[in-house]
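A.B. asks: Just add 24 to the spot in the sequence shown (first one is 1) and you have our numbering. In this text, a Cβ means the ideal position worked out from N, Cα and C, and glycines have one as well. Owing to the predicted nature of the structure, the values given are computational and were not obtained by experimental measurement.
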Amino acid sequence: MNTIGSYLKKHTEALVKDVGIEPACDITGKSKATLGRYYSDHEEHADRFMPIDAVARLEGAASYPHVTAALSELRGLTISLDDRRSNSDSPGGVNTDVIKLSQRFAMLMAEYQISIQDGVITVNEAKRMLKETLTLQQVLIDMKLHLEDETV
25 MNTIGSYLKK HTEALVKDVG IEPACDITGK SKATLGRYYS DHEEHADRFM
75 PIDAVARLEG AASYPHVTAA LSELRGLTIS LDDRRSNSDS PGGVNTDVIK
125 LSQRFAMLMA EYQISIQDGV ITVNEAKRML KETLTLQQVL IDMKLHLEDE
175 TV
């Protein structure tokens, strides 16, 4: 088995074990044997991998997105976990997102205005602006997800 396949299988196993084999069977609708084949390192199962929809459902129940993290690492990327509520729990949809977007942008501009008053942006001021920028980015992601929901 190639290195990538082996790496993904190890993370698939970690995902199933994180959730628990019985709950993983319930969540995915797969048997214990089928789930076992997805992370088996035996040559006869080398080309069997868990379907992406099953990975998504399991990662929703897991304490950590094991397979997503592995895929990111293989591409040299990192992921960060957001402990906020998921988009599906957020009421208001796009209208609420537009309001949040306006508010967060106003907060970023206020931080910028305060920071630039003396002509120098200090490290602490830059950190505060970075925090606002990241929050603004998350609002845009939420808005994107709500818009995608609207197009379905």
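Can you tell me which of LYS155, GLY116, VAL144 puts its alpha carbon nearest to the alpha carbon of GLU174?
C.D. replies: Checked all of LYS155, GLY116, VAL144; the closest Cα to GLU174 is GLY116.
A.B. asks: Do you know whose CA, among ASP166, HIS69, SER55, lies nearest THR120's CA?
C.D. replies: Ranking the options by Cα distance to THR120, first place goes to ASP166.
A.B. asks: Keeping to the same chain, check which residues put their C-beta closer than 7 Å to that of SER30; ignore five residues upstream and five downstream.
C.D. replies: ASP65.
A.B. asks: Report buried or exposed for ARG99, applying the criterion of at least 16 other Cβ atoms within 10 angstroms of its Cβ.
C.D. replies: Exposed, by the Cβ-count rule.
A.B. asks: Is the beta carbon of GLU83 less than 9 Å from the beta carbon of PRO89?
C.D. replies: Yes, these two residues count as a Cβ contact at 9 Å.
A.B. asks: Mind the definition here: the stretch 68–86 touches the stretch 122–139 only if three or more C-beta pairs lie below 8 Å; say whether that holds.
C.D. replies: The answer is no - the stretch 122–139 does not touch the stretch 68–86, with fewer than three Cβ pairs under 8 Å.
A.B. asks: Hey, could you find the ends of the alpha helix (DSSP H) GLN137 is sitting in?
C.D. replies: Note, GLN137: alpha helix (DSSP H), 117–140.
A.B. asks: Measure the C-alpha to C-alpha separation of ALA57 and TYR63 and round it to an integer number of angstroms.
C.D. replies: One C-alpha to the other measures close to 10 Å.
A.B. asks: Quick one: is GLU156 buried, meaning 16 or more other Cβ sit within 10 Å of its Cβ, or exposed?
C.D. replies: GLU156 is buried by the Cβ-count criterion.
A.B. asks: Comparing alpha-carbon positions, which option in LEU125, ASP77, ASP142, VAL79 lies nearest GLN162?
C.D. replies: The candidate whose alpha carbon is nearest that of GLN162 is LEU125.
A.B. asks: What first and last residue would you give for the alpha helix (DSSP H) that runs through ARG61?
C.D. replies: Here the alpha helix (DSSP H) through ARG61 covers 56–63.
A.B. asks: Tell me the residue span of the alpha helix (DSSP H) that contains TYR31.
C.D. replies: First-last of the alpha helix (DSSP H) with TYR31: 27–43.
A.B. asks: Flag MET133 as yes if its beta-carbon sits less than 9 Å from any beta-carbon of chain C, otherwise no.
C.D. replies: Going by chain labels, chain C is absent from the structure shown, which holds only one protein chain.
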